[in-house]
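What follows is a short report on a single structure.
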């Protein structure tokens with residue numbers, strides 16, 4: 125009888141610790157998302173980032189980077205990890221640029237995407253590893269290419285808000301629609317019967333064709349003004365200049 129009670133007590137304690145840990149984890153993620161929301165609302169507007177101002181007030185950015193480093197992710201729900209990695213990527217890009225600002229663009233920093241490692245949830249990851257191994261390979265969602273902002277003008281416009289676990293799917297849908305209806309990002313040419321698109325569609329073609337017959341078909345899923353089926357898809361040169369104000 126005593127042994128049975130002891131086992132029940134141990135189970136109860138374990139459950140209590142587990143629930144307590146889960147609550148603490150959720151609280152940390154909630155706080156990080158809230159802080160990211162405030163940061164982007166302050167420093168990102170109309171698709172541009174005020175790196176000069178961030179440089180003068182970098183304590184808020186440093187606090188976010190510390191949260192990213194220490195975030196416990198074991199046991200997190202899929203949408204929690206998805207929103208976290210999207211936010212973490214965008215914040216770490218801003219941190220990398222701010223460290224070297226003023227600078228012409230991300231490619232002026234050697235190894236910016238594929239060599240420099242960041243502490244992310246207890247792991248050491250490059251930006252490419254966050255994108256490819258923690259987001260693309262896991263979620264297989266082409267919409268993320270309009271949410272990950274690489275600090276270049278050629279990227280889709282950065283949102284002035286964080287991605288939230290409970291809203292991330294709706295936010296990605298909205299972000300994709302905005303990008304694919306932006307005449308500066310998707311450029312139809314009536315005279316030549318072409319549509320010029322970002323090289324993102326070339327680099328990640330497999331992602332866009334996973335559930336679509338063509339790039340044109342993918343575009344028309346989200347466009348208000350559909351592109352004629354006779355249009356050819358071509359690519360304009362990616363603009364790597366900094367997306368600064």
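Residue numbers (the working numbering): 125 to 369. Using N, Cα and C, we set each Cβ at its ideal position, and we do this for glycine too. All values derive from a computational prediction rather than experimental measurement.
Report task. Give the secondary structure of residue 338 by DSSP, where H, G and I count as helix, E and B as strand, and everything else as coil. Result -> In the chain shown, residue 338 corresponds to position 214, counting from 1. Looking at residue 338 - three-state DSSP - the assignment turns out to be coil, as it is neither helix nor strand.
Query - Span of the alpha helix (DSSP H), counted from its first residue to its last, around residue 217 - result: As a working mapping, residue 217 is identified with position 93 in the chain shown. Unbroken alpha helix (DSSP H) run through residue 217: 202-224.
Query raised in the report: Under the DSSP definition of a beta bridge, which residues are partnered with residue 320?
Result: Within the chain shown, residue 320 is the residue found at index 196, counting from 1. For residue 320, which the question treats as bridged, DSSP gives the partners 311, 358.
Report task. Please report how far the alpha carbon of residue 205 lies from the alpha carbon of residue 349, in whole angstroms. Result -> Translated into positions along the chain shown, residue 205 becomes position 81. Translated into positions along the chain shown, residue 349 becomes position 225. Approximately 34 angstroms, taken between the alpha carbons.
Requested in this report: Using three-state DSSP, classify residue 232 as helix, strand or coil.
Outcome: Within the chain shown, the letter at position 108 stands for residue 232. Helix, per DSSP.
**Report entry** Strand pairing of residue 244, partner residues [DSSP]
**Finding:** Here residue 244 is taken as the residue at index 120 of the chain shown, counted from 1. Per DSSP, 247.
Query raised in the report: Taking the continuous alpha helix (DSSP H) assigned at residue 175, which residues delimit it?
Result: Here residue 175 corresponds to residue number 51 of the chain shown, with the count starting at 1. Its alpha helix (DSSP H) spans residues 175-180.
Query - Extent of the continuous alpha helix (DSSP H) to which residue 306 belongs - result: Sequence index remark: in the chain shown, residue 306 carries index 182 (1-based). Segment: none, residue 306 is in no alpha helix (DSSP H) and carries neither H nor E.
Query - Exposed unless 16 or more other CB atoms sit within 10 angstroms - verdict on residue 316 - result: Mapped onto the chain shown, residue 316 falls at position 192. Counting C-beta atoms within 10 angstroms of its own C-beta, residue 316 has fewer than 16 neighbours from the protein chains shown and is therefore classed as exposed.
Query raised in the report: Just how far apart, CA to CA, sit residue 359 and residue 313?
Result: The count along the chain shown starts at 1 and reaches residue 359 at position 235. The count along the chain shown starts at 1 and reaches residue 313 at position 189. About 12 angstroms.
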